[in-house]
Amino acid sequence: MSKIAIVGAGLSGLYLGKLLQSDGHNVELFEKSRGPGGRLCGRRLDVGQHDMGAPYLSDRPGHPLLQELESAGVIMPWMPRLARIEPFGLQPITNPHIRWVGVPYHNAISRYLARGLCITPSTRIVGIQPTDMGWQLTTLEGAYPEFFEWVFLANPPEQSHALSCDFLSPPTIQMGPTFTVLLCSELGPDMGVDMAWGESVIGTMIDTTSKPQRRPDLKLWTLHASDGWSKANVDAPLDWVGDQLTQSFLGVTKWAPAIIDTQVHRWLYATMGEATDSVYLDPSLRLGRLGDWTVRGDSWGAIESAIQIKEQFDHAG
Ligand SMILES: Cc1cc2nc3c(=O)[nH]c(=O)nc-3n(C[C@H](O)[C@H](O)[C@H](O)COP(=O)(O)OP(=O)(O)OC[C@H]3O[C@@H](n4cnc5c(N)ncnc54)[C@H](O)[C@@H]3O)c2cc1C
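Be aware that the sequence shown starts at 121, since it is given in our numbering, and climbs by one per residue.
Below is the structure:
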C-alpha cells in the first residue's frame with residue numbers, strides 16, 4: 121500500500137482520496153482553504169450559511185456516487201422554475217430535468233466525502249520535490265516533515281502547473297474568473313422563478329432558498345456574473361462589482377426588496393468553456409494531475425477525473 125499526497129480538497133481530490141483510501145492506501149490531502157470543497161464551497165453570512173459555488177449537481181441516473189449521496193441523505197432532488205434573462209425581464213422556460221442539491225447546504229457533499237479522510241487544511245503547497253526518500257512537499261512554513269511515494273495535483277491548471285512545471289508539460293487550457301454575489305433580502309412576493317440564465321452582467325441567478333431544507337423566512341439569492349463580464353472586470357473593486365450585479369438583479373426582477381446583507385467573492389480560476397485537457401499520470405515520476413478541467417468543467421467532470429486517474433494508477437501498479 122502506498123503513501124499518497126493529494127494537493128487540493130475540492131471534489132476531484134476528495135473523491136480520489138476516498139477511492140484510494142478504500143483500497144487501503146495511506147492518503148493525506150493538503151488544502152489551502154480552511155475547509156474542503158473548493159468550488160463547491162459555501163459562505164457564512166450574518167443570517168446563516170449560503171451556497172456560493174456550484175449551485176447543484178446535474179442528474180446522472182444510476183451513478184454509484186449519486187445513489188450513495190442520496191441514500192446517505194446528503195442530497196435531495198430540486199426542480200427549480202427556470203427562466204432566461206432577456207433585455208425585457210425574465211422569460212420562463214420549461215426543463216423537466218431533476219437537479220440534485222446538498223442539504224442543508226450544497227457543500228454537505230464535500231463534507232460527506234471528507235469524512236474519514238486525513239485532510240490538512242489552511243496549508244498551501246508551494247513546491248514539490250523528488251528525493252531519495254520520495255516526494256517532499258513544501259508549505260509556506262517550510263518542508264513538510266513526511267515523504268510520499270505518490271503525489272496527485274487536484275487543483276486548477278494554473279496552480280497545478282506552478283507546482284509541476286519542472287516535471288510535466290504545461291496544461292493546454294487556462295481557467296477564467298467569475299464573481300459571485302450573495303444577496304440576502306426580505307421575503308417579498310413570489311417571482312415564479314428559482315433560477316435564470318443570462319449573458320449580460322448576470323450569468324446565473326439562483327434563489328437558494330427554493331432548494332430543499334433551506335430557511336423559509338428570508339430570500340438568499342446567489343448571483344454569478346457572466347464569463348464575459350467577469351473577464352472584462354476582473355480587477356474591479358469588489359464593492360463596485362457587488363453594486364453592479366445587485367443593480368442588474370433588481371432591474372431584471374423589477375423588484376425593490378429591503379436588502380439585509382450582501383457579500384462578493386472573486387474566483388480567479390472558475391470557468392473554462394468547452395475545451396478540456398486530460399488526466400495525466402506519470403508512473404515513473406509517481407506524479408499525476410486531475411480536476412474538472414481534465415475532463416469537463418463541471419462537478420461530474422471533477423468526479424470523472426478522479427475515477428480516470430484511479431484507473432491509471434491501478435494499471436501502473
Ligand atoms: C460560480 C460557479 C458555478 C458553478 N456551477 C456549476 C454547476 O451549476 N454545476 C456543476 O456541476 N458545476 C458547477 N461549477 C463547477 C464545479 O464547482 C467544479 O467543476 C468542481 O467543484 C471542481 O472541483 P475540482 O476538485 O476539480 O476543483 P476545485 O473545486 O477548484 O478544487 C481545487 C482545490 O485545490 C485547492 N488548492 C489549489 N491550489 C492549492 C495548493 N497549492 N495547495 C493546497 N490547496 C490548493 C483549492 O483551494 C481548492 O479547494 C461551478 C463553479 C463555479 C465557481
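For each residue, glycine too, the CB sits at the ideal point set by N, CA and C.
Taking 8 Å as the cut-off, does the stretch 307-320 touch the stretch 393-400 (at least 3 CB pairs, one atom from each stretch)? no
Buried or exposed (CB count within 10 angstroms, at least 16 for buried), Thr414: What you label residue 414 is simply residue 294 of the sequence shown in a count that begins at 1. Buried: at least 16 other Cβ atoms inside 10 Å.
Near ligand 2: Ala203 beta-carbon under 7 Å from a heavy atom: Here the bound small molecules are ligand 1; ligand 2 is not part of this structure.
Along the chain, where does the beta strand (DSSP E) that runs through Phe433 open and close? Translated into positions along the sequence shown, residue 433 becomes position 313. Note, Phe433: premise wrong, no beta strand (DSSP E); alpha helix (DSSP H) at Ser419 to Ala436.
What number of angstroms, rounded off, separates the C-alpha of Leu407 from the C-alpha of Ala436? Translated into positions along the sequence shown, residue 407 becomes position 287. Translated into positions along the sequence shown, residue 436 becomes position 316. Taking the straight line from one Cα to the other gives about 11 Å.
Just to confirm, does Asn275 get its C-beta within under 7 Å of one of the non-hydrogen atoms of ligand 1? By one-based count along the sequence shown, residue 275 stands at place 155. Answer for Asn275: yes, Cβ within range of ligand 1.
If you measure from the CB of Ala390, is any heavy atom of ligand 1 nearer than 7 Å? As a first step, residue 390 is located in the sequence shown; it is residue number 270 there, counting from the start. In this structure, the C-beta of Ala390 approaches ligand 1 to less than 7 Å from one of its heavy atoms.
Please report the residue range of the beta strand (DSSP E) in which Gly209 lies. As a position in the sequence shown, residue 209 is number 89, starting the count at 1. In this chain, the beta strand (DSSP E) harbouring Gly209 covers Gly209 to Ile213.
Assuming Ile126 is part of the beta strand (DSSP E), what are its boundary residues? Residue numbering aside, residue 126 sits at position 6 when the sequence shown is read from its first letter. Where Ile126 is concerned, the enclosing beta strand (DSSP E) starts and stops at Lys123 to Val127.
Are the CB atoms of Ile322 and Val372 nearer to each other than 8 Å? Here residue 322 corresponds to residue number 202 of the sequence shown, with the count starting at 1. Here residue 372 corresponds to residue number 252 of the sequence shown, with the count starting at 1. Contact: yes.
If we ignore side chains and look at the alpha-carbon of each, how far apart do Ile124 and Arg219 end up? As a working note, residue 124 is residue 4 in the sequence shown. As a working note, residue 219 is residue 99 in the sequence shown. If you take the alpha carbons of Ile124 and Arg219, they lie about 34 Å apart.
For Phe272 versus Ile126, is the C-beta spacing smaller than 8 Å? Looking up residue 272 in the sequence shown gives position 152. Looking up residue 126 in the sequence shown gives position 6. Result yes, Cβ atoms of Phe272 and Ile126 sit closer than 8 Å.
Spell out a yes or no on whether the stretch 169-187 and the stretch 216-232 are touching, meaning 3 or more CB-CB pairs, one atom from each, closer than 8 Å. yes
From which residue to which residue does the alpha helix (DSSP H) around Ser368 run? Along the sequence shown, one-based indexing puts residue 368 at 248. Note, Ser368: alpha helix (DSSP H), Leu358 to Thr373.
My understanding is that Glu148 touches Cys238, with C-beta atoms under 8 Å, so please give their C-beta distance in whole angstroms. If you number the sequence shown from 1, residue 148 lands on position 28. If you number the sequence shown from 1, residue 238 lands on position 118. Yes, Glu148 and Cys238 are in contact; Cβ-Cβ is about 5 Å, under 8 Å.
How about Ala438 and Gly162: are their beta carbons less than 8 Å apart? Since the first and last residues shown for the chain are 121 and 437, residue 438 lies out of range.
Tell whether a beta-carbon distance below 8 Å holds between Val194 and Ile245. Translated into positions along the sequence shown, residue 194 becomes position 74. Translated into positions along the sequence shown, residue 245 becomes position 125. Their beta carbons are not under 8 Å apart, which means Val194 does not touch Ile245 by this criterion.
Look up Gln279 in the DSSP assignment and give the residues it is bridged to. As a position in the sequence shown, residue 279 is number 159, starting the count at 1. Partner(s): none; Gln279 has no beta bridge.
Any idea which residues DSSP pairs Leu340 with across the strands? The sequence position of residue 340 within the sequence shown is 220, counting from 1. DSSP lists Cys304 as partners of Leu340.
Just to confirm, does Lys430 get its C-beta within under 7 Å of one of the non-hydrogen atoms of ligand 1? Working through the sequence shown from its first residue, we reach residue 430 at position 310. Outside the cutoff, so no.
Which two residues bound the contiguous beta strand (DSSP E) that contains Asp327? Here residue 327 is taken as the residue at index 207 of the sequence shown, counted from 1. From DSSP, the beta strand (DSSP E) with Asp327 extends over Ile322 to Asp327.
Near ligand 1: Thr439 beta-carbon under 7 Å from a heavy atom: With the chain covering only 121 through 437, there is no way to say anything about residue 439.
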